[in-house]
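Here the structure is laid out as structure tokens; the discussion comes afterwards.
2 protein chains.
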Amino acid sequence: MSSDAPTGLPAPPSPSHGAVGMVRTASRRVVTVEPFFMEFIAGVEEVLAVHDLSVLLAVVADEDAERRTYERWARSRLVDAVMVVNVRDDDDRPALLAAHGIPTVMVGRWDDEPSLPSVRADDLAAMNEAAGYLLELGHRTLAHVTGPSVYLHTQARVRALTQVCASYGVVPVTVEGDYSDDAGERITRELLERSPRPTAIVFDNDVMAVAGLHVAHELGIAVPGELSLLGWDDSPLCRLTQPPLSTMSLDVHEMGRLVGGAVLETIEGSAQVKGSVVTARLIVRGSTAAPLPA
Amino acid sequence: MSSDAPTGLPAPPSPSHGAVGMVRTASRRVVTVEPFFMEFIAGVEEVLAVHDLSVLLAVVADEDAERRTYERWARSRLVDAVMVVNVRDDDDRPALLAAHGIPTVMVGRWDDEPSLPSVRADDLAAMNEAAGYLLELGHRTLAHVTGPSVYLHTQARVRALTQVCASYGVVPVTVEGDYSDDAGERITRELLERSPRPTAIVFDNDVMAVAGLHVAHELGIAVPGELSLLGWDDSPLCRLTQPPLSTMSLDVHEMGRLVGGAVLETIEGSAQVKGSVVTARLIVRGSTAAPLPA
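Quick note, the sequences are listed as chains W and Y, same order.
Each step along the first sequence adds one to the number in the UniProt record's numbering, with nothing skipped, and position 75 is 75.
Each step along the second sequence adds one to the number in the UniProt record's numbering, with nothing skipped, and position 195 is 195.
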């Protein structure tokens, strides 16, 4: 894009810009059935569209490709700002983006001292609520199927679960997953072969929880009679299982709107480094109950 | 992007370009659990990335916003080509994009004479297989919960179902849905209150089928004993329901790769107008069976 192009007039065909556009047109209701990211983007878009800004989502395979994408965007001056999701330990993306002069908003980072404008999910508070609920029901053999351990929010949830369990004298089992249905099935199967068998499993997303429920059905283990399952993210599919899944629910659309606001402020140079904090809340449905008496 | 920018060096901060970037980094396996579009984009990206091209996905709310997005992209010369999905009757997007000089690939258009490079899904052949299977099982009271009727692929499926049913002397019931879980629940409930009650329902996507199964469970109607349910799109969740859903399965990733190839050829000016055709195939799982004897 050349900055001197007159607005309002179509530009002549251009040389390669390293970009291919695709528009996903759907009502908010339909977008909702695709988990987390579609809903999140719809929320961001709702705020940005008023200012004639679009979210441009690139889908890439790994961190190297992500880095190359930022470099390409910087060369082409394609974007006004970048939203960084799934913050990692020693994350080099903020520095890379700063070196390229691209304003950045951090999304979902949980720690106390963000160095950039951010909208953070409070995973410590959320897991305290989730684990506290299961412990209060009487569960003492708990397992946690996590997302990738490189993410700060995964680390925060593991730490929170361990801490709240410790106050009940309980040591939870933690197994790393990758948010896929395959991982949810495989890890649940492993956990249910253990002795003692867990009476409750917390999953870090909804897809792994649905897969875990499927395994329990296959093994003939009653949910919630013999096994409580608690999901995370509360996509619409969580209500459609038998039994419907208890889950930690975040207003992902509202989180997207907050991020959209932070992006606008960042572009205008008025963003607060502190940012906003959002917290998932427990929704109790049919997949959790007190454990059977020993 | 200015074509004379030196590569490998950061560009100076730019004035507003109407774009905010977000990178969704995830393994192919994780992307897969988000239905259709994420998988489709991953397939396109696999082909384009080799040529240093990215898919840029805008998520917008309606057709006006889609049109404004194309106009913005044209002004900013943001994209080398556009992929048009969900082709409608009297679709004005190809003409709009042509007026802006943006090369275009049509995705999922089913009809016989595409005027632009295209990768088409053969919905007639797929529905022939789906309906033929149910009719051969002995079903004579069939219902079809469709996607939005403005889409050519919805119209093709309705026409195919009506035709193949007619050859068995059957008139199917067709109700328009919108791909959402809400529509799947509401319409299934309506259908199951009819007299005679359908013994088989075909859904135009997986989310509506999962919602339909949920309603059958709630009403105590046995699947597949009293009611056969056939989904479409075969996202991983279709195998995780009880019973697992029979479904029409398209290799969406491969479709994305074909589209990526067509986009490259279009940019190079060597694209074939005819394009490729892909066809969904029946996967029989546990949600379909012969109807009970009358």
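We treat Cβ as the ideally placed atom computed from N, Cα and C, and that holds for glycine.
Distance CB(residue i)-CB(residue j) smaller than 8 angstroms
i	j	result
W:Ser287	W:Leu229	yes
Y:Val119	Y:Leu258	yes
W:Thr279	W:Ala126	yes
Y:Ala200	Y:Leu134	yes
W:Arg194	W:Pro243	no
Y:Ile41	W:Val59	yes
Y:Ala143	Y:Leu191	yes
W:Gly43	W:Gly260	yes
W:Gly184	W:His153	no
W:Asn128	W:Val164	yes
Y:Ser235	Y:Arg281	no
Y:Glu39	Y:Val252	yes
Y:Asp52	W:Arg72	yes
Y:Asn205	Y:Tyr151	no
Nearest-angstrom Cβ-Cβ length linking residue i and residue j, presumed shorter than 8 angstroms
i	j	result
W:Ser54	Y:Thr69	6 angstroms
Y:Met106	Y:Val84	5 angstroms
Y:Val223	Y:Leu213	6 angstroms
W:Asp181	Y:Leu240	6 angstroms
W:Tyr179	W:Met208	6 angstroms
W:Pro196	W:Thr141	5 angstroms
Y:Pro117	Y:Val277	Actually they do not touch by this definition, with Cβ atoms about 13 angstroms apart.
Y:Leu56	W:Leu56	4 angstroms
Proximity winner among the options, relative to residue i (alpha-carbon distances)
i	options	result
W:Gly231	W:Ile283, W:Arg140, W:Asp251 and W:Leu192	W:Ile283
W:Leu245	W:Ala211, W:Glu71, W:Ser167 and W:Asp182	W:Ala211
W:Thr104	W:Ala290, W:Ala289, W:Leu292 and W:Leu264	W:Leu264
Y:Ala216	Y:Arg189, Y:Cys238, Y:Ser235 and Y:His139	Y:Arg189
W:Ala289	W:Tyr151, W:Asp90, W:Thr247 and W:Ser235	W:Thr247
Y:Leu227	Y:Pro291, Y:Glu71 and Y:Gly147	Y:Pro291
W:His100	W:Asp204, W:Ala74, W:Glu63 and W:Ala65	W:Ala74
Y:Gly269	Y:Ile102, Y:Asp92 and Y:Phe37	Y:Ile102
W:Gly132	W:Asp92, W:Thr146, W:Thr174 and W:Val170	W:Val170
W:Pro293	W:Tyr151, W:Leu137 and W:Gln155	W:Leu137
Y:Asp89	Y:His139, Y:Asp62 and Y:Ala156	Y:Ala156
Y:Ala271	Y:Phe36, Y:Ser115 and Y:Asp91	Y:Ser115
residue 323 of chain W	W:Phe36, W:Asp92, W:Leu48 and W:Val47	An answer regarding residue 323 of chain W cannot be provided, because it is not within the stretch 1 to 294 covered by chain W.
W:Asp122	W:Ala160, W:Gly177, W:Ile221 and W:Leu219	W:Ala160
Y:Thr146	Y:Gly256, Y:Arg186 and Y:Gly177	Y:Gly177
Y:Val47	Y:Gly256, Y:Ala130, Y:Ile187 and Y:Thr266	Y:Gly256
Y:Ala166	Y:Thr266, Y:His139 and Y:Ile221	Y:His139
Assigned secondary structure, residue i (DSSP; H/G/I helix, E/B strand, else coil)
i	result
Y:Val277	strand
W:Phe40	helix
W:His139	coil
Y:Glu226	coil
W:Glu71	helix
W:Arg194	coil
W:Val33	With a pLDDT of 41 at W:Val33, under the threshold of 50, the modelled position of this residue cannot be trusted; read the value that follows with caution. DSSP places W:Val33 in coil when its eight states are reduced to three.
W:Ile283	strand
Y:Arg173	The question names Arg, yet the displayed sequence has Val at residue 173 of chain Y. Reduced to three states, the DSSP call for Y:Val173 is strand.
W:Thr104	strand
W:Ser118	strand
Y:Ala200	strand
Y:Leu266	The residue you asked about is not Leu; residue 266 of chain Y is Thr in the sequence shown. Looking at Y:Thr266 - three-state DSSP - the assignment turns out to be helix.
Y:Ala271	coil
W:Leu97	helix
W:Ala58	strand
Y:Ser76	helix
Y:Tyr179	coil
Y:Val84	strand
W:Gly184	helix
Y:Tyr151	strand
Y:Thr247	strand
Y:Thr288	coil
Y:Pro293	coil
W:Gly220	coil
Check: residue i C-beta below 7 angstroms from any heavy atom of the ligand MG
i	result
W:Pro224	The ligand MG is not part of this structure, which contains no ligands at all.
Can you give me, in chain order, the residues of the stretch 37 to 59 of chain W that have a beta carbon less than 7 angstroms from any beta carbon in chain Y? Identification of residues in the stretch 37 to 59 of chain W having a C-beta nearer than 7 angstroms to some C-beta of chain Y yields Phe37, Met38, Ile41, Ala42, Glu45, Leu48, Ala49, Asp52, Leu53, Ser54, Val55, Leu56, Leu57, Ala58 and Val59, given in sequence order.
Can you pull out the residues from the stretch 208 to 239 of chain W whose beta carbon lies closer than 7 angstroms to at least one beta carbon of chain Y? Correct list: Val210, Ala211, His214, His217, Pro236 and Leu237.
Below 9 angstroms between beta carbons is the criterion; list the residues of the stretch 65 to 82 of chain W that meet it against any residue of chain Y, in chain order. Those would be Ala65, Glu66, Arg68, Thr69, Tyr70, Glu71, Arg72, Trp73, Ala74, Arg75, Ser76, Arg77, Leu78, Val79, Asp80, Ala81 and Val82, in chain order.
Scan the stretch 264 to 287 of chain W for residues whose Cβ lies nearer than 8 angstroms to a Cβ of chain Y and list them as they occur along the chain. Hits within the stretch, in order: Ile267.
Identify each residue in the stretch 173 to 190 of chain Y for which the Cβ-Cβ distance to at least one residue of chain W is less than 7 angstroms, and report them in chain order. If the cut-off is 7 angstroms between Cβ atoms, the stretch 173 to 190 of chain Y has Asp178, Tyr179, Ser180, Asp181 and Asp182 near chain W.
Within 8 angstroms of chain Y by C-beta, residues of the stretch 136 to 157 of chain W in sequence order: The stretch 136 to 157 of chain W vs chain Y, Cβ under 8 angstroms: nothing.
Along the stretch 242 to 258 of chain Y, what residues have a CB closer than 9 angstroms to any CB found in chain W? From the stretch 242 to 258 of chain Y, only Gln242 and Pro244 have a Cβ closer than 9 angstroms to chain W.
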